[in-house]
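This report concerns only the one structure given below.
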Amino acid sequence: MTQEGRSASGGHDLGSAAGAALRAIRPRVVEGRLDGRGLRIAIACARFNESVCERLLEGALVELTRLGVRTEDTIVVRVPGAFELPVAALHLARTGADAVVCLGAVIRGETPHFDFVAGAAAGGVARVAEQTGVPVLFGVLTTDTQEQALERAGGRYGNKGAECASGAVAMANLVKALRPGRTP
Ligand code: INI
Numbered sequence: 003m004t005q006e007g008r009s010a011s012g013g014h015d016l017g018s019a020a021g022a023a024l025r026a027i028r029p030r031v032v033e034g035r036l037d038g039r040g041l042r043i044a045i046a047c048a049r050f051n052e053s054v055c056e057r058l059l060e061g062a063l064v065e066l067t068r069l070g071v072r073t074e075d076t077i078v079v080r081v082p083g084a085f086e087l088p089v090a091a092l093h094l095a096r097t098g099a100d101a102v103v104c105l106g107a108v109i110r111g112e113t114p115h116f117d118f119v120a121g122a123a124a125g126g127v128a129r130v131a132e133q134t135g136v137p138v139l140f141g142v143l144t145t146d147t148q149e150q151a152l153e154r155a156g157g158r159y160g161n162k163g164a165e166c167a168s169g170a171v172a173m174a175n176l177v178k179a180l181r182p183g184r185t186p
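3 is the number of the first residue of the sequence shown in my numbering; add one for each residue after it.
Take a look at the structure:
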């Protein structure tokens with residue numbers, strides 16, 4: 003299978019005639035721009051596993067600034083743990099934020115607590131996004147060890163906070179572009 007076939011057809015290696023026909027189809031593609039100017043972004047950050055969460059927060063703030071979000075348009079609220087992120091996200095979404103970023107780290111212990119906390123955080127955050135229509139980004143690391151979490155909080159596997167910050171900017175702009183009655 004050629005690289006060209008994969009990218010043009012999503013995994014199907016089309017014959018050259020079909021491939022050419024597909025490439026001739028040019029739908030309008032709407033993507034959220036990575037331009038944070040004028041956007042209001044809210045961050046809910048858990049305190050539990052603080053050393054990891056602080057790195058996630060730092061990554062998110064640096065990325066928002068890089069993308070042009072003004073400091074005065076950014077708000078950070080702290081919650082005790084990842085379990086509390088959904089209700090904070092709900093209230094932040096109601097303040098008129100263009101997007102909300104939820105940051106936390108749930109690290110597996112020896113009890114099923116991990117599964118309850120991680121599941122509630124993920125489900126709750128998804129529900130808030132669906133119910134409010136405000137993008138809510140899930141920047142909660144779920145790992146077996148603290149080392150794995152740190153690797154994803156500015157270590158060798160990037161920074162989930164920064165990733166969610168750029169996702170928040172993209173989604174906020176996408177939602178603005180898709181407002182009812184507006185031709186994107
Ligand atoms: N909260 C976390 O954010 N990460 C964890 O790893 C964690 N563990 O393992 O217990 C955790 N627990 C606290 C939880 O989020 C709530 O704050 C607490 O249960 C009170 O509702």
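Glycine included, every Cβ here is placed at the ideal spot set by N, Cα and C.
Because the structure is a prediction, the values reported are computed rather than measured.
Problem - Among I45, R72 and A62, nearest to R39 - alpha-carbon criterion - result: Of I45, R72 and A62, the residue nearest in Cα terms is R72.
Practice task
Quick one: residues in its chain with C-beta nearer than 7 Å to the C-beta of G169, no 5 flanking neighbours on either side, listed in chain order?
Solution key: Around G169, the same chain offers L139 as residues with beta carbons nearer than 7 Å, after the five sequence neighbours per side are excluded.
Exercise for the section: Could you tell me the distance, in whole angstroms, from the CA atom of E153 to the CA atom of N161? Expected result: Answer to the nearest angstrom: the Cα atoms are 8 Å apart.
Practice task
Report whether the distance from the Cβ of A124 to the nearest heavy atom of the ligand INI is below 8 Å.
Solution key: Every heavy atom of the ligand INI is 8 Å or more from the Cβ of A124, so no.
Exercise for the section: Run the CB neighbour count on T76, radius 10 Å, all protein chains shown included, and call it buried at 16 or more, exposed below. Expected result: Looking at its Cβ environment, which holds 16 or more other Cβ atoms inside 10 Å, T76 is buried.
Practice task
May I ask you to report which of helix, strand or coil DSSP gives V32?
Solution key: DSSP, read as helix, strand or coil, puts V32 in coil.
Practice task
Would you list the one or two residues that DSSP bridges to I109?
Solution key: Looking at the DSSP output, I109 bridges to T145.
Handout entry: Buried/exposed call for P137, threshold 16 Cβ in 10 Å
Key = When all chains shown are included, P137 counts as buried.
Problem - Contacts around T185, its chain only, beta-carbon distance under 6 Å, and the 5 residues preceding and following it disregarded - result: Taken in chain order, the list of residues that qualify is empty.
Exercise for the section: Would you mind sorting G125 into buried or exposed? The rule is 16 or more other CB atoms within 10 Å of its CB. Expected result: Burial state of G125 is exposed, judged by a 10 Å Cβ sphere holding fewer than 16 other Cβ atoms.
Exercise for the section: Could you check if F118 is buried or exposed, using at least 16 other CB atoms within 10 Å of its CB as the buried criterion? Expected result: So F118 ends up on the exposed side.
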